[in-house]
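Undergrad: Below is the structure I would like to discuss, written out as structure tokens.
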Amino acid sequence: MKTFLLPDLGEGLPEAEIVNWHVQPGDLVRADAPLVSVETAKAVVEVPSPYSARVIRLHGDAGDFVKTGGPLVDFELEAGNGDSSGAAAVNDGDAGTVVGTMPVGETIIVEHAVAGGSGRRSGRLRATPAVRALAKRLDVDIETVAPSGASGQVTSRDVEAAAQTSTATERIVADDEWEALRGLRRAMAQSMTRANAEVCHATVFDDADIDAWEADQDVTLRLLRAICRGVAAEPALNALFDAASMRRKKLLQLDIGIAVDTPAGLIVPVLRDARVATLATRREELQQLKQAASDRRLGPDDLRGSAITLSNFGMLAGRYARVVVVPPGIAILGAGAIRREAVAAGTEVAVRRRLPLSLSFDHRCVTGAEACRFLAAAIADLQLQN
Amino acid sequence: MAELTLVDAVTAALDWELGHDESVVVLGEDVGVNGGVFRATNGLQRKHGADRVIDTPLAEAMIAGMAVGMAAEGLKPVAEIQFMGFIYPAVDQLINHAARLRNRTRGRLSCPMVLRAPFGGGIHAPEHHSESTEAMFAHMPGLRVVIPSSPARAYGLLLAAIRDPDPVVFLEPKRIYRLARQEVANDGAALSLDVCYTLREGTDVTLVSWGAMTQETLEAADRLQAEGVSAEVIDVATISPLDIETILESVARTGRLVIVHEAPRNCGVGAEIAALVAEHGIYDLKSPVQRVAGFDTIMPLYRLEMDYLPGVTRILDAVHVTLEG
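Going down the list, the sequences are from chains Z and R.
Per the numbering used here, residue 1 is the first one in the first sequence, and the count goes up by one each step.
Per the numbering used here, residue 1001 is the first one in the second sequence, and the count goes up by one each step.
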């Protein structure tokens, strides 16, 4: 039970006269609903209920005087709000603090607090964030690395060792000793590392339908001619790019690099001034160039200056490839193995000879649309009979 | 079972222990006739007498000094400091005497006193009434620092603090004094000191907090659940000595830790937790530990105080940083 005392109504008066009650004993009243109207020296004012609770008793009738601070209404509060323990709860009209505003809520807390933790430690992988980052950088799945640390943690050495496993496997099969890369192979390692780190590769794949080809067609010459047509349609593919200075150099003459597989490694001699009109006459020259490359008779100048390269890897195997652009060049056309394919011909299925093409370009210097315009023109040329 | 607010639970615990242990004495400014600035001792003097519930002069050094003397002579004083901002005159007694009585007398005397003080912001109080300087006390060897975050823990931990033979600084988060109710069996059962309380189990990130900030931390955990992130929530409860084992166990499972406290970041208790996890749990961390704390400024007056207190958004931001790792 709680007794609500008549508060000072703000005028410092010692008492107030009850005009009329708005509640009766037994009523359930909501907080802030009017309890009673009282008349002070100046006005009739309503006194609001401080609680949402049941009214038990009214102290006084209409016309009676109630002293400020004297009992006005007895309430019955819900369990927990009361003072049955003898340690009384908040006094009537008490804000619960002498300064500021005490936030009061009606939420009932339901929690399942457990002293301490669950006591479970997982058998999860242990490694510092730095080692985890290292694994990410070296493309190692850290979950598969055997830990060697004293606390069962994966160390940076463990990750580095795991990163070398793939190359190490090849070495163990081939030879017992590490072999320093030299010559062409070393140059390839360096230029490919640089290309991979620097170039923003984008590759587009398509097929040329060559079913109409006449019997005597030279694949390499046809591909070179297709590149000529492609560059004619989209000259932006024939430019060198210098990322350091953010400059490109549009070339007037079309020089095409030709990837050649030699016993010593990959070499890319350059066929100068390729033109549609004269290509057919240069078959012999092309053979000599390849031979000179295999014999290592070419100087550095013979290997420089092409913006675009042809890689006819399909002679060996493979359909499409993400061929690699080597700066300052900006594009490379890969030709896969010619095959017969079932393709839609109108509403029928037809078997036709197809030449798969992969065009990689440096997207820092070449737009996707430029690359596709080039490729479309190249395909159109390849699909010609001769 | 009664549903009590946090401050009701404090009153109930004091009432229980005054009724069951005659060596318990409550003292402080206005704790008797008036019932305390926050009503934490309301009715206790009437029930247990003026020699058990003692009104003192407005002199905090004296209140703490009296408590040390009473404790040394076999009583179990529970002294109240009205606001943490007024505790500093009592710090000399706490550090130079209460904390070291056992050590000084080579175990002949202990100091079974409790110093209660409401702390923290969020009630729009004037200057000096809103700080959270628990780290100062946690730094002092010999003092135990306990902070409840729910009515049930206020009841159980205060009883444990009173019964503990050594001095306890018992800090009550006044912002949540009356914010919610909880069923508390008023049966005199104490809770364990020196352990964390795991409020919610989770698998993706561990959120550690104490006092009033557990409210925002739990709310952040709810929001994370909606995002599909499972957060474990730990109430540290005893700031010193720290139950780091519970936190380490949790981090071993989640790999991520966000510490939330209202006190300024610089040299806060969060720094100690982060350091201990770095020492013993770094191999379990997937990403750097994050702290969400008050700013390293004077606690602002009430118009800005909610900007100062870490809110749910800041907690979520910190969690999202850890999830990148």
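Note that the Cβ used here is the ideal one computed from N, Cα and C, for glycine as well.
Do Arg1181 (chain R) and Leu1004 (chain R) have their C-beta atoms within less than 8 angstroms of each other?
TA: Yes, they are a contact pair.
Undergrad: Comparing the C-beta of Glu1249 (chain R) with each C-beta of chain Z, is any distance below 8 angstroms?
TA: Taking Cβ atoms only, chain Z reaches closer than 8 angstroms to Glu1249 (chain R), which makes this a yes.
Undergrad: Rounded to a whole number of angstroms, what is the C-alpha to C-alpha distance between Val1168 (chain R) and Ala1161 (chain R)?
TA: Roughly 6 angstroms between the two C-alpha positions.
Undergrad: Is there contact here, the stretch 1216-1232 of chain R with the stretch 125-143 of chain Z, by at least three beta-carbon pairs under 8 angstroms?
TA: Contact fails: fewer than three Cβ-Cβ distances are below 8 angstroms.
Undergrad: Note down the Cα distance separating Leu58 (chain Z) from Gln24 (chain Z), rounded to an integer number of angstroms.
TA: If you take the alpha carbons of Leu58 (chain Z) and Gln24 (chain Z), they lie about 7 angstroms apart.
Undergrad: Mark His1020 (chain R) as exposed unless 16 or more other C-beta atoms lie within 10 angstroms of its C-beta, in which case mark it buried.
TA: With fewer than 16 Cβ atoms within 10 Å of its Cβ, His1020 (chain R) is classed as exposed.
Undergrad: Can you tell me which of the three DSSP states Arg1052 (chain R) falls into?
TA: Three-state result, Arg1052 (chain R): coil.
Undergrad: Assuming the contact rule is C-beta atoms closer than 8 angstroms, Met1213 (chain R) and Pro1310 (chain R) should be a hit. Round their C-beta distance to whole Å, please.
TA: Right, their Cβ atoms sit about 7 angstroms apart.
Undergrad: If you draw a straight line from the alpha carbon of Gly1202 (chain R) to that of Ser1230 (chain R), how long is it in whole angstroms?
TA: If I take the Cα positions, the gap works out to 5 angstroms.
Undergrad: With distances taken Cα to Cα, identify the nearest neighbour of Glu1227 (chain R) among R:Val1024, R:Asp1030, R:His1320, R:Pro1112.
TA: Nearest option by C-alpha distance: R:His1320.
Undergrad: For Thr101 (chain Z) and chain R, any beta-carbon pair shorter than 8 angstroms?
TA: By this cut-off, Thr101 (chain Z) is an interface position.
Undergrad: Secondary structure at Asp94 (chain Z), three-state DSSP: helix, strand or coil?
TA: In this structure, Asp94 (chain Z) counts as coil in the three-state DSSP scheme.
Undergrad: In chain Z, what lies closer than 9 angstroms to Pro1288 (chain R) by C-beta?
TA: Per Cβ cutoff of 9 angstroms: Pro129.
Undergrad: Does Glu111 (chain Z) come within less than 8 angstroms of chain R when only Cβ atoms are used?
TA: Interface residue, yes.
Undergrad: Measuring straight from C-alpha to C-alpha, what distance separates Thr1246 (chain R) and Val1195 (chain R)?
TA: Distance between the alpha carbons of Thr1246 (chain R) and Val1195 (chain R): 8 angstroms.
Undergrad: Mind reading off the beta-carbon distance from Val154 (chain Z) to Arg126 (chain Z)? Whole number of angstroms is fine, and I expect it under 8 angstroms.
TA: Confirmed, about 7 angstroms.
Undergrad: Compare the C-beta of Ala88 (chain Z) against all C-beta atoms of chain R and say whether one is closer than 8 angstroms.
TA: With a pLDDT of only 37 at Ala88 (chain Z), under the threshold of 50, the placement of this residue in the model should not be trusted; the figure read from the coordinates follows. So yes, Ala88 (chain Z) belongs to the interface.
Undergrad: Assuming Glu1305 (chain R) and Gly1032 (chain R) make a contact with CB atoms under 8 angstroms, what is their CB distance in whole Å?
TA: So it is not a contact: roughly 31 angstroms between Cβ atoms.
Undergrad: Expressed to the nearest angstrom, what Euclidean distance is found between the alpha-carbon atoms of Val1145 (chain R) and Ala146 (chain Z)?
TA: Val1145 (chain R) and Ala146 (chain Z): Cα-Cα distance of roughly 43 angstroms.
Undergrad: So within the stretch 178-239 of chain Z, which uninterrupted alpha helix (DSSP H) runs reach at least 4 residues, ignoring any that extend past its ends?
TA: Fully enclosed alpha helix (DSSP H) runs of 4 or longer: 183-198, 219-233.
Undergrad: Would you say Arg157 (chain Z) reaches chain R, if we count a Cβ-Cβ gap shorter than 8 angstroms as a contact?
TA: It does not; no Cβ of chain R falls within 8 angstroms.
Undergrad: For Ser151 (chain Z), go through chain R and note every residue whose CB falls closer than 7 angstroms to its CB, in chain order.
TA: Result: Tyr1283.
Undergrad: What's the gap between the Cα of Arg1291 (chain R) and the Cα of Leu1285 (chain R)?
TA: Whole-angstrom Cα-Cα distance: 14 angstroms.
Undergrad: Using a cut-off of 9 angstroms between C-beta atoms, extract the partners of Phe1038 (chain R) located in chain Z.
TA: Ordered by position in chain Z, the residues that pass the 9 angstroms Cβ test against Phe1038 (chain R) are Gly96, Thr97, Val98, Met102.
Undergrad: Between the Cα of Pro1112 (chain R) and the Cα atoms of R:Ala1252, R:Leu1248, R:Arg1256, R:Leu1158, which residue gives the shortest distance?
TA: The shortest Cα separation from Pro1112 (chain R) among R:Ala1252, R:Leu1248, R:Arg1256, R:Leu1158 belongs to R:Leu1158.
Undergrad: Whether or not the stretch 363-372 of chain Z and the stretch 337-346 of chain Z are in contact is what I'm after, with contact meaning three or more pairs of Cβ atoms, one per stretch, closer than 8 angstroms; do they touch?
TA: The stretch 337-346 of chain Z, when compared against the stretch 363-372 of chain Z, does not touch it at the 8 angstroms Cβ threshold.
Undergrad: What residue range does the beta strand (DSSP E) around Glu1239 (chain R) cover?
TA: Glu is not the amino acid found at residue 1239 (chain R); the sequence shown has Ile there. Counting along the chain, the beta strand (DSSP E) containing Ile1239 (chain R) begins and ends at 1238-1240.
Undergrad: Exposed or buried, what is Cys228 (chain Z) when buried is set at 16 or more other beta-carbons lying within 10 Å of its beta-carbon?
TA: Looking at its Cβ environment, which holds 16 or more other Cβ atoms inside 10 Å, Cys228 (chain Z) is buried.
Undergrad: Please tell me whether Val231 (chain Z) and Pro327 (chain Z) are closer than 8 angstroms, where the distance is taken between their beta carbons.
TA: Result no, Cβ atoms of Val231 (chain Z) and Pro327 (chain Z) do not sit closer than 8 angstroms.
Undergrad: Tell whether a beta-carbon distance below 8 angstroms holds between Ile308 (chain Z) and Asn196 (chain Z).
TA: Result no, Cβ atoms of Ile308 (chain Z) and Asn196 (chain Z) do not sit closer than 8 angstroms.
Undergrad: Taking the beta carbon of Val349 (chain Z) as the centre, do at least 16 other beta carbons fall within 10 Å, making it buried, or is it exposed?
TA: Counting Cβ neighbours within 10 Å, Val349 (chain Z) comes out exposed, since fewer than 16 surround it.
Undergrad: In whole angstroms, what separates the C-alpha of Gly82 (chain Z) from that of Pro1077 (chain R)?
TA: Note that Gly82 (chain Z) scores 41 on pLDDT, short of 50, meaning its location in the model is unreliable; the coordinates nonetheless yield the value given after this. Those two C-alpha atoms are separated by around 27 angstroms.
Undergrad: Starting from Ala1117 (chain R), follow its DSSP beta bridges and name the residues at the other end.
TA: DSSP lists R:Leu1171 as partners of Ala1117 (chain R).
Undergrad: Between the alpha carbons of Arg124 (chain Z) and Arg1163 (chain R), how many angstroms are there, rounded?
TA: If I take the Cα positions, the gap works out to 40 angstroms.
Undergrad: Hey, Pro1151 (chain R) and Leu1006 (chain R) are a contact pair by Cβ (cut 8 angstroms); roughly how many whole angstroms apart?
TA: 5 angstroms between Cβ atoms; contact.
Undergrad: Residues in the same chain with beta-carbon distance under 7 angstroms from Arg373 (chain Z), minus the five sequence neighbours each way, listed in chain order, please.
TA: Excluding residues within five positions, the ones whose Cβ falls inside 7 angstroms are Ala233, Glu234.
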